[in-house]
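Here the structure is laid out as structure tokens; the discussion comes afterwards.
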Amino acid sequence: MKPETSVYKPALRWNGLTPFYDRIMALTMRESRFRTMLLEPLRQRQPRQVLDVGCGTGTQALQLRVLFPEACIFGMDGDARVLALARQKQLEAHRPVLFEYGLATDLPYPSQSMDIVTCSLLLHHLSDSDKQQTIREMHRVLRPGGELALADWGKPANELMRLLFLGLQLFDGFDTTQAHVQGRLPNLLYDNGFKKIFPTGQVNTLFGTLAIFHAIR
1 MKPETSVYKP ALRWNGLTPF YDRIMALTMR ESRFRTMLLE PLRQRQPRQV LDVGCGTGTQ
61 ALQLRVLFPE ACIFGMDGDA RVLALARQKQ LEAHRPVLFE YGLATDLPYP SQSMDIVTCS
121 LLLHHLSDSD KQQTIREMHR VLRPGGELAL ADWGKPANEL MRLLFLGLQL FDGFDTTQAH
181 VQGRLPNLLY DNGFKKIFPT GQVNTLFGTL AIFHAIR
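First residue of the sequence shown? That's 1 in UniProt numbering, and the numbers climb one at a time after it.
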């Protein structure tokens, strides 16, 4: 959930807000609903290795641990502070996840090594070129037939969602969020390797409309 742009910004823009990340997500993002919708298409799978790109404080990676108890779960992020929070949550939950530092534009994993990749609320922090490189990297590390579950800001569902998203754009930046408000995420997925793309839902939040996609390598 963190940016990989040349000027690195924490998930909530300022490092001082990082300890409040989970609380803010729970209060504003309908987090339980969107993560359930994101993972639902994967429930019947039996993967060997699963990667959560931009894992943040580890919430989604720990859910993947429960969903796939026999798999090796990786959580990767470019922010050492949130990784420390993720590792602490892992210890408290007694759920083994391998949390590692890395950048989404240069994933530290071999090609065709993952059965499933998940990514939520990362891409809108990135420049368009870094979005494309990140998608190419997620495609690269997936095995043929592997699956990507992606959640990020999409085209606003109505005028109220557009107005709310304007506030987020003022906070996160217009350049990195323009592709999202225009609904271009499916095009970016297609142009960077994923030819089978399925919209699986959307969730309206206090900051705008989250779009959820399922793609197959």
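Beta carbons are placed, not taken as given, at the ideal position from N, Cα and C, and that holds for glycine.
Computed from a predicted structure; not experimentally measured.
Helix, strand or coil at residue i [DSSP, three-state]
i    : result
A71  : coil
Q60  : helix
F198 : strand
N204 : strand
T5   : For T5, the predicted model reports a pLDDT of 40, less than 50, meaning its position is unreliable; a value from the coordinates is still stated below. T5: coil per DSSP, three-state reduction.
For residue i, the nearest candidate out of the options (CA to CA)
i    : options                  : result
L163 : L206, H139 and G58       : L206
N158 : N204, L168, L62 and L123 : N204
V117 : M76, F34, P186 and F20   : M76
F74  : S32, I216, R48 and M37   : R48
G56  : L42, M161, P41 and R81   : R81
Residue range of the unbroken beta strand (DSSP E) whose run includes residue i
i    : result
G208 : G208 to I216
For residue i, the first and last residue of its enclosing alpha helix (DSSP H)
i           : result
F165        : E159 to D172
residue 276 : Residue 276 is absent from the model: the chain starts at 1 and stops at 217.
L42         : That residue, L42, is in no alpha helix (DSSP H); it is neither H nor E in DSSP.
I25         : According to the sequence displayed, residue 25 carries Met and not Ile. Run containing M25: Y21 to T28, per the alpha helix (DSSP H) assignment.
CB of residue i within 9 Å of CB of residue j, strictly
i           : j    : result
N192        : Q132 : yes
L168        : G208 : yes
T177        : F165 : yes
D52         : L67  : no
residue 219 : V50  : Past the edges of the chain, shown from 1 to 217, lies residue 219, and the structure says nothing about it.
L62         : Q90  : yes
M138        : L126 : no
G122        : D79  : Looking at the sequence provided, one finds Leu at residue 122 rather than Gly. No, they are not a contact pair.
R217        : G145 : yes
L142        : I212 : no
Near the ligand SAH: residue i beta-carbon under 8 Å from a heavy atom
i   : result
L67 : Here there are no bound small molecules, and the ligand SAH is not part of this structure.
Which runs of the beta strand (DSSP E) spanning at least 3 residues fall entirely within the UniProt domain "Methyltransferase" (50-146), listed in chain order? 72-77, 98-101 and 114-120
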